[in-house]
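Everything in the sequence shown is counted per full-length UniProt numbering, starting at 1 for the first residue and increasing by one.
Using N, Cα and C, we set each Cβ at its ideal position, and we do this for glycine too.
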Amino acid sequence: MHAEQRERLILEAIEASGFIAYRDLEARLDASPATIRRDLTRLEKAGAIVRVHGGAKPATEAKNGRTGLAGTPFEQSITQNLAQKQAIGRAAAALCEPGEAVMIDGGTTTLQMCPHLDGLDLQVLTNSLHIIDALLPQSGTRLLVPSGVIFREQNIILAPAGEESMPRFHAPKLFMGAATVGPQGVMQQDVILVAAERRLIDRAERLILLVDSSKFNTAAGAIVCALDEVDVIVTDAGIPADMAEIVRKSGVELIIAD
């Protein structure tokens, strides 16, 4: 089992219960204590977990429940690299077929798809209140939302730990953003986002990643998926040449938005 697979299983186990014991990890992962310690050290350095006596728990857990997500607030992120995000959103929207069902994960880049979806009569499942607001005026666009808690800084709906909140829904395409992308895979800064995005990935036939080129300059966080689980990456011309080569060698279609 690869390190990213073990890390994903660790995060899913912690998300389900809010805590996982070292002994339980050894049984689940069929790995040596030394290997598990190294996995936990990487996740702790990435800010995804906190190691406590006897095991580990989510890093962002608060005493009275979750109050926010790790990472840059939406209103700050929306102004960063906006021209590139708009081009990426336009190119991603061109991948949609009239009348199909799609999933659009919340994010400042996926939001830029919305103006270009009008007239396609799509059925859209999204967890983003910003995307819902942008799509509501489109009379032909049908909207579905999951149940859960609203995280105000990102205006996103996420389920509590271990709760299944998604409608019975399957889609040919999932459009998703990321905090960073590197040789290790697609990463987010918050373990709750990782769990939520895994639920979406499991319901999609194709994963289409929308990230501006600044997301390739750093590689730290909790791993959502390996690169070879991604079908398409839509980015801008600023992507580093070495990362473009790694992406293509992973079998991922790379689209450079003008």
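Check your understanding: Do residue 213 and residue 183 have their C-beta atoms closer together than 9 Å?
Key -> no
Review point. Shortest alpha-carbon distance to residue 179 belongs to which of 209, 36, 22?
Key: 209
Point to revise | Assumed close pair residue 225, residue 255 - CB separation to whole angstroms, cut-off 8 Å | key: In fact, because the Cβ distance is near 18 Å, the residues do not count as touching under 8 Å.
Point to revise | Selection from 58, 96, 59, 113 that minimises the alpha carbon distance to residue 84 | key: 113
Check your understanding: If you draw a straight line from the C-alpha of residue 139 to the C-alpha of residue 47, how long is it?
Key -> 42 Å
Check your understanding: Whose C-alpha, out of 147, 20, 79, is nearest the C-alpha of residue 126?
Key -> 147
Check your understanding: Span of the alpha helix (DSSP H) holding residue 58?
Key -> Premise fails: residue 58 lies in the beta strand (DSSP E), 55 to 58, not in any alpha helix (DSSP H).
Check your understanding: Which word fits residue 185, buried or exposed, when buried means at least 16 other C-beta atoms lie within 10 angstroms of its C-beta?
Key -> buried
Review point. So what does residue 126 bridge to, in DSSP terms?
Key: 104
Point to revise | Identity of the residue in 151, 196, 181, 257 nearest residue 228 by Cα | key: 181
Check your understanding: Looking at the unbroken beta strand (DSSP E) that takes in residue 209, where does it start and where does it end?
Key -> 204 to 210
**Study point:** Buried or exposed by the 16-neighbour rule on C-beta atoms within 10 Å, applied to residue 10
**Key:** buried
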